[in-house]
Structures are given as C-alpha cells and as structure tokens.
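Trainee:
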Amino acid sequence: MGRYLFQRLIATIVVLLGISLIVFFVIRITGNPVEAMLAGTEPTKQAIAALTHAMGLDKPLPEQYWIFLSNLLHGNFGRSLYSGQSVFNLVRTRFVATAMLAVAGLLIGIVISVPLGVLAALHKGSATDVGVRALSLLGISFPSFWLGIMLVLIFAVKIHVLPVAGYSSWKSIILPAVTLGAGQAGIMTGLIRSNMIDVLGEQYIQTARAKGLRGVAVVYLHGLRNAMLPVVTYLGLSLGTLLGGVVIIEQVFAWPGIGQLMITAIDQRDYPVVQGGAVILALFIVLSNLAVDLCYTLIDPRIKISS
Amino acid sequence: MFRHASLVVGGILVLAVIVCAIFAPQLAPYSPYVGNLAYRLDPPTWMAGSSHLHFLGADEVGRDELSRIIYGSRISLLVGFSATALACLIGTTLGMLAAYYGGFVETVVMRLVDLVLAFPFILLAIMIVAILGPGLGKIIFVLAVTQWAGFARIVRGETLSMKEREFVEAARALGLRGVRIMLKHILPNIASSIIVLFTIAVAVNILAESALSYLGLGVSPQIPTWGGMLAAGQLYITTSWWVATFPGIAIMLTVMGFNLVGDWLRDRIDPKYRV
Numbered sequence: 239m240g241r242y243l244f245q246r247l248i249a250t251i252v253v254l255l256g257i258s259l260i261v262f263f264v265i266r267i268t269g270n271p272v273e274a275m276l277a278g279t280e281p282t283k284q285a286i287a288a289l290t291h292a293m294g295l296d297k298p299l300p301e302q303y304w305i306f307l308s309n310l311l312h313g314n315f316g317r318s319l320y321s322g323q324s325v326f327n328l329v330r331t332r333f334v335a336t337a338m339l340a341v342a343g344l345l346i347g348i349v350i351s352v353p354l355g356v357l358a359a360l361h362k363g364s365a366t367d368v369g370v371r372a373l374s375l376l377g378i379s380f381p382s383f384w385l386g387i388m389l390v391l392i393f394a395v396k397i398h399v400l401p402v403a404g405y406s407s408w409k410s411i412i413l414p415a416v417t418l419g420a421g422q423a424g425i426m427t428g429l430i431r432s433n434m435i436d437v438l439g440e441q442y443i444q445t446a447r448a449k450g451l452r453g454v455a456v457v458y459l460h461g462l463r464n465a466m467l468p469v470v471t472y473l474g475l476s477l478g479t480l481l482g483g484v485v486i487i488e489q490v491f492a493w494p495g496i497g498q499l500m501i502t503a504i505d506q507r508d509y510p511v512v513q514g515g516a517v518i519l520a521l522f523i524v525l526s527n528l529a530v531d532l533c534y535t536l537i538d539p540r541i542k543i544s545s
Numbered sequence: 162m163f164r165h166a167s168l169v170v171g172g173i174l175v176l177a178v179i180v181c182a183i184f185a186p187q188l189a190p191y192s193p194y195v196g197n198l199a200y201r202l203d204p205p206t207w208m209a210g211s212s213h214l215h216f217l218g219a220d221e222v223g224r225d226e227l228s229r230i231i232y233g234s235r236i237s238l239l240v241g242f243s244a245t246a247l248a249c250l251i252g253t254t255l256g257m258l259a260a261y262y263g264g265f266v267e268t269v270v271m272r273l274v275d276l277v278l279a280f281p282f283i284l285l286a287i288m289i290v291a292i293l294g295p296g297l298g299k300i301i302f303v304l305a306v307t308q309w310a311g312f313a314r315i316v317r318g319e320t321l322s323m324k325e326r327e328f329v330e331a332a333r334a335l336g337l338r339g340v341r342i343m344l345k346h347i348l349p350n351i352a353s354s355i356i357v358l359f360t361i362a363v364a365v366n367i368l369a370e371s372a373l374s375y376l377g378l379g380v381s382p383q384i385p386t387w388g389g390m391l392a393a394g395q396l397y398i399t400t401s402w403w404v405a406t407f408p409g410i411a412i413m414l415t416v417m418g419f420n421l422v423g424d425w426l427r428d429r430i431d432p433k434y435r436v
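Chains R and Y are the protein sequences, given in the same order. Letter by letter, the first sequence follows residues 239 to 545 in this note's numbering. Letter by letter, the second sequence follows residues 162 to 436 in this note's numbering.
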C-alpha cells in the first residue's frame, strides 16, 4: 500500500509538471503575449518593451518556466494582468460555483440513472428495457448546450418559472444542473444496467435469494453495491470530461464558474490566470482520481491494492 | 430485437447524413450562404405567418435553415472522421508500442495518456484554437490531440493480452521482428475493438466540433456548422425558436446514428465491451 501510494504520487507529480509545461508553452506559441494584450491600442515599441520587461517576459523561456514553477511550489499562482487579483483567490471563488453545479448535476444524474438502470436490468429484454436504453441513448446523443437552450425556451421563455441565466437565487442552478445531469444520466444508466445484469447472474445473489431475502433487499443491498464499482471508476476517470461539460454549460447559462473565468482569460490573453487556473484544475482532477482509486478498497473489500 | 433495430435505425441515420454531405448542392433548396432579408426569421411552413418558402424557416439574415443544416453536415462529418482517424492512428501506434515493448516506452506513453485524461480537453482545445486562431485543420488537430488517449488505452490492453498468445510466440520463434508481428499478427486481432471505438469516437468528435463551433471557435463563420447555427439561434430564442432548435436535432440524430451503429458492432464482434 505504501509503495503503491508512492508510485501514484510520483505519477501525479509527473502529470502536473506535464500540464504546467503544456499550458506554459501553448500560451506563448504566438510570441509575446504583451502584443496580443495591447492589440487595438496601437502601443509604441517602448510601451511594449517596458511592459514585457516589467512582467519578466524578456527573460529566456526556460528561465521564465523555472520562475513560474518555483512560484507554484511556494503556492504563488501569480496575479491577473487585468484585475490584479491573485489567481488563487480568483479560482477559489469561482470554484465554489463550478463545484456546486458539478455536484448538483452528478446528483441529478445518479437519481435518474440508478432506478432506471436497475429497472432495465431486472426486466432485461422487455419493453421497459428497450425504453430505458432508448432514453439513455438520447442522453448521450444531444449536445448539452442544445438541451440547455431548449430548457431555457420551455421553462424561462414560455412558462416563466425559472430564470434564463445568471446566478441570483437557488432557482438559478436548476436548469444548468438538469442539463448537466441529463447527459451524465445517459452514460451512467447504460453502465448501471449492464453491470447490474452481470451481478444479478452471480452466485451470491442466488444465495441471497435462496436464504429467503426479498427482491428489493437482494437488488439494492447485494446487487447495486457490486454494480456500482465500475460506475465509480467511470466517475473518477471522467471527471475531466465532466468539468469540460460544465465549462460549456457555464457559457450557456452565464454561470460564474471556472469555465467562464478561463474562457474570458484565454480571450484576453490573461496568461497568469490561464496557467494558474489550468494547474489548479488539473491538480483537483488528479487528486480526485487518486481518491477514487483508494475508495475501491472501501466499496469492495475483495480488492487488495498491491503494486 | 433491439439489437437489430439499432443497426437499422443507426445505419439509416448515418447513411442519410453521408448522403446530405455528398449531395448537399443537389439536395439543398437554397444557397446556404446567401439570405434574403425579406424572409428574416421566417417561421417553418406549418406555422402561422410563414411564407411557405422555407420548410424549416429562415435565420436572422433570411438564409434557409434546411439548406444550412444540409450543408452543415459536411463540416460535422469531415471533422468527425478526420479527427477520429488521426486520433486512432496516434493512439493505436502508441498503445501497441507501449504494450509490446513495455518498460520505458510504456511508462512514457501511459503518463502521456494520464496527462490528456487529467485535463478537461475542451479547455485545452479552446486554448489552442483561441491562440492559433480558428480553422478546419487546427480543429481536426486539436480534437485528435485530445482524443488519442482513449485509443491508446484500449489498444494497449488488447495488445498486452495478445502478446502472450501462442500465435504471437510462434511468430517470434520464427524470427519475425517487432514491427512485423505488431502489424501482421496483433493488429488484425485487435481490429474489432478499434473499429467499435472508432465509431463511438466519431460521435464524440462530432459533438466536440459542435461545441467548439458553438463557442465561436470553429471554422470560419461563413461556413455553415450546426454548432455555429445554434449559437446564432440562441440570440433569437425568445421570438424564433426554430433557429436554434433544428441544428440541435440534426446533431442529435447524427450522433445517435453513430452511437447506435457502434453499440451494434460492439454487441456483435466484441461482447466483452458491452455497455
């Protein structure tokens, strides 16, 4: 276990280094970011040179990267070139909104997919099963932003029960969360269904039934717990995709999360925000993946983590 | 029953989109580029107040929705197929090399895979496109760069199990070299998994392209794309719902078609990847 943790930690550090390197260089591909920042203001050569020097952008790239890295290690993610606020604080305030949306969306996804997946598995091959599979296919096939717009059309424009966009009251989160949850439900329903079918065929389920346990207890206590393992794996591995989905949904609903922050920063070439935000996001995803791995042993004691 | 239905329905959807893309000039009733402001936001033919000239209505500059949707299939399919092909090429090559040679090569490849999976790809794509500027080639490149990891993971796993099989050992005993064994003996045996993944990945890439176009990071705005049409339509959602609705349905039906065919293929040739 100790050795495993150590290996995972090394891998995590390598991944984070890689991401910081990619982000650092990608944002500098087109040359001096200062020129892009000052575009439209017809700056003088002196103004460009002065700002470039003030921001340390005239140093050689490897040296700049080294400064960026050592600042990171000291917990200094830099400051926004526009607002002057510390990147860490900017990301932290936005992170709450993003996390709320992601968690609400996941919960809605789970609430929809668990009953549907179990129902379809119990009645495999029936009309119910076909219906659930069709629904789940629908869930993975529509673009989230389109569903978002359609929900706005129905609930905000036609019947005026929910706000169109923004972040004003608890009602604001309903439409973005449902949009995110519907897509997640599409993926998870299929996973739960097929895992449940496998699990229901196992001998321990037959044993539980033979002991006289009633159907619901067998399905939920013995079956679902085992069927959820691959779902947890999926959730862990797809966190990046989930956050990617959140980024787009934030655009549709003008939700003030990390996605909006990053897209605005990319637009403005506010590269400390882009760099810092990307590294913090990646850190979060990588640590969550590690947590998921460690959770396996809790959910399924049969799994022993060796090397 | 559902199984064969999925092939029939999926096949019809995919074929329909391909036919639209190839025969767009013959099928489209109007030019997708030129509008007539007299028909600005003209409703679909079945609605009151329609001019009955535009079956799915017209957009904010009076361009025919149906024609633009038909032409939009071209970018979706082109990007969907090219990006997937490139991702498949990169992922399959790296995945096979990693599994076959193991050791350092495997570590490097798998860390790269972790790297790609540990980052919301859409942000990376947005970053690259925002910095390099939009363009067809760049979008294909960006999507491939962010999608190859899925292929590498599956191919590595499959190659690892093939590597130990007798026929591969036999080939090695006959003195065949690594590359030849991989291409002639391992690749044909893992091709079915790759084909299944390919079909699903086309669907994923079509969705991703529409998302980039929606964010205004797609190809040039003159070229009709479903995502771009949707973004423009969102501005008129309170008065003219059809402008944003129909491109979304086009995306959904296309993605559904590829997913259905992929599901069928998976059940058919590779029962262990059943979702």
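Just so it is clear, CB atoms sit at the ideal spot from N, CA and C, and this is done for glycine as well.
Taking the alpha-carbon positions, what's the Ile315 (chain Y) to Arg272 (chain Y) distance?
Mentor: If I take the Cα positions, the gap works out to 15 Å.
Trainee: Ala248 (chain Y) touches chain R at which residues, Cβ-Cβ below 7 Å?
Mentor: Under the 7 Å cutoff, chain R gives no residues; its nearest Cβ is about 15 Å from Ala248 (chain Y).
Trainee: Here's a check: name, in chain order, each residue in its chain whose Cβ is nearer than 7 Å to the Cβ of Gln323 (chain R), leaving out the five neighbours to either side.
Mentor: Excluding positions up to five away in sequence, the list reads Arg317.
Trainee: Assess contact between the segment 291–301 of chain Y and the segment 363–380 of chain Y, defined as three or more Cβ pairs (one per stretch) separated by less than 8 Å. Is contact present?
Mentor: Flag = yes, the segment 291–301 of chain Y and the segment 363–380 of chain Y touch.
Trainee: Please tell me whether Ala279 (chain Y) and Val524 (chain R) are closer than 8 Å, where the distance is taken between their beta carbons.
Mentor: Contact: yes.
Trainee: For Arg435 (chain Y), collect the residues of the same chain with a Cβ closer than 7 Å to its Cβ; drop the 5 residues on either side in sequence, then sort them by chain order.
Mentor: A caution first: Arg435 (chain Y) carries a pLDDT of 44, below 50, which makes its placement in the model too unreliable to give a value.
Trainee: Please go through the same chain and pick out, in chain order, the residues whose beta-carbon is closer than 6 Å to the beta-carbon of Ala364 (chain Y), but skip the five residues on each side of it.
Mentor: Cβ neighbours of Ala364 (chain Y) beyond the five flanking positions: Val416, Phe419, Asn420.
Trainee: Would you list the one or two residues that DSSP bridges to Ser432 (chain R)?
Mentor: For Ser432 (chain R), which the question treats as bridged, DSSP gives no partner whatsoever.
Trainee: DSSP puts Ala219 (chain Y) in a beta bridge; with which residues?
Mentor: In DSSP, Ala219 (chain Y) forms a bridge with Y:Asp225.
Trainee: Would you say Leu168 (chain Y) lies against chain R (beta-carbon separation less than 8 Å)?
Mentor: No, no contact with chain R.
Trainee: Are Gly482 (chain R) and Phe282 (chain Y) closer than 8 Å when you measure CB to CB?
Mentor: It is a contact, given that the beta carbons lie within the stated cut-off.
Trainee: Kindly give me the distance between the Cβ atoms of Ile430 (chain R) and Val349 (chain R), rounded to whole angstroms, as I take these residues to be in contact under 8 Å.
Mentor: Between Val349 (chain R) and Ile430 (chain R) the Cβ distance is about 12 Å, and since that is not below 8 Å, they are no contact.
Trainee: I'd like to know whether the C-beta atoms of Leu413 (chain R) and Phe491 (chain R) end up nearer to each other than 8 Å.
Mentor: Contact: yes.
Trainee: Terminal residues of the continuous alpha helix (DSSP H) containing Asp428 (chain Y)?
Mentor: That run of the alpha helix (DSSP H) goes 403–430.
Trainee: Starting from Arg317 (chain R), follow its DSSP beta bridges and name the residues at the other end.
Mentor: Beta-bridge pairing links Arg317 (chain R) to R:Ser324.
Trainee: On the premise that Ile412 (chain Y) lies in contact with Ile367 (chain Y), defined as a C-beta separation below 8 Å, what is that separation, rounded to the nearest angstrom?
Mentor: About 7 Å; that satisfies the 8 Å criterion.
Trainee: Within the same chain, show all residues whose beta-carbon is closer than 6 Å to that of Ile179 (chain Y), passing over the 5 residues directly before and after it, in chain order.
Mentor: The answer is none, since no qualifying residue turns up.
Trainee: Does DSSP classify His312 (chain R) as helix, strand or coil?
Mentor: Coil at His312 (chain R), not helix or strand.
Trainee: Any chance the segment 181–188 of chain Y sits against the segment 198–207 of chain Y, with 3 or more Cβ pairs inside 8 Å?
Mentor: No contact exists between the segment 181–188 of chain Y and the segment 198–207 of chain Y.
Trainee: Taking a contact to mean a Cβ-Cβ separation below 8 Å, would you say Trp402 (chain Y) touches Glu226 (chain Y) in this structure?
Mentor: Against a cut-off of 8 Å, the Cβ pair of Glu226 (chain Y) and Trp402 (chain Y) comes out as no contact.
Trainee: Which residue wins for smallest C-alpha separation from Trp384 (chain R), given the options Y:Leu168, Y:Pro408, Y:Gly241, Y:Val422?
Mentor: Out of Y:Leu168, Y:Pro408, Y:Gly241, Y:Val422, Y:Pro408 has the C-alpha closest to the C-alpha of Trp384 (chain R).
Trainee: Using a C-beta cutoff of 8 Å, does Val437 (chain R) count as contacting chain Y?
Mentor: Judged by the 8 Å Cβ criterion, Val437 (chain R) is not in contact with chain Y.
Trainee: Compute the distance between the beta-carbons of Ser212 (chain Y) and Tyr194 (chain Y), then report whether it is under 8 Å.
Mentor: Cβ distance not < 8 Å, so Ser212 (chain Y) and Tyr194 (chain Y) don't count as in contact.
Trainee: Tell me the rounded alpha-carbon separation between His312 (chain R) and Ala394 (chain R).
Mentor: So the two alpha carbons sit approximately 46 Å from each other.
Trainee: Are the C-beta atoms of Ile348 (chain R) and some chain Y residue less than 8 Å apart?
Mentor: No, Ile348 (chain R) does not count as interfacial toward chain Y.
Trainee: Under DSSP, the alpha helix (DSSP H) around Ile287 (chain Y) begins and ends at which residues?
Mentor: Counting along the chain, the alpha helix (DSSP H) containing Ile287 (chain Y) begins and ends at 282–293.
Trainee: Rounded to whole angstroms, what is the Cα-Cα separation between Thr471 (chain R) and Gly218 (chain Y)?
Mentor: Taking the straight line joining both Cα atoms gives about 45 Å.
Trainee: How about Gln422 (chain R) and Gly347 (chain R): do their beta carbons lie closer than 8 Å?
Mentor: For Gln422 (chain R) and Gly347 (chain R), yes; Cβs fall inside 8 Å.
Trainee: Spatial neighbours of Ala403 (chain R) within its chain, please: C-beta separation below 7 Å, excluding the five flanking residues on both sides.
Mentor: So the list reads Phe491, Ala492, once near-sequence residues are dropped.
Trainee: Grab me the residues of Ser234 (chain Y)'s own chain with a C-beta within less than 6 Å of its C-beta, minus the 5 sequence neighbours each way, in chain order.
Mentor: Around Ser234 (chain Y): Val178, Cys181, Ala182.
Trainee: Considering only residues of the same chain and omitting the five flanking positions on each side of Gly474 (chain R), which have a CB-CB separation below 6 Å?
Mentor: Closer than 6 Å at Cβ, skipping near neighbours: Asn527, Val530.
Trainee: Using the beta-carbon count (16 or more within 10 Å), is His215 (chain Y) buried or exposed?
Mentor: Looking at its Cβ environment, which holds 16 or more other Cβ atoms inside 10 Å, His215 (chain Y) is buried.
Trainee: Thinking C-beta only, is Gln513 (chain R) closer than 8 Å to Val329 (chain R)?
Mentor: Cβ atoms of Val329 (chain R) and Gln513 (chain R): not closer than 8 Å.
Trainee: Which residues of chain R have a Cβ atom closer than 9 Å to the Cβ of Arg409 (chain Y), listed in chain order?
Mentor: First, the residue type needs correcting, since residue 409 (chain Y) is Gly and not Arg in the sequence shown. Those within 9 Å of Gly409 (chain Y) in chain R are Phe380, Pro381, Phe383, Trp384, Leu385, Ile387, Met388.
Trainee: Mapping DSSP to helix, strand and coil, what is Leu400 (chain R)?
Mentor: Residue state, collapsed to three classes: coil.
Trainee: Within 10 Å of its beta-carbon, does Glu319 (chain Y) have 16 or more other beta-carbons around it, so buried, or fewer, so exposed?
Mentor: Result: buried.
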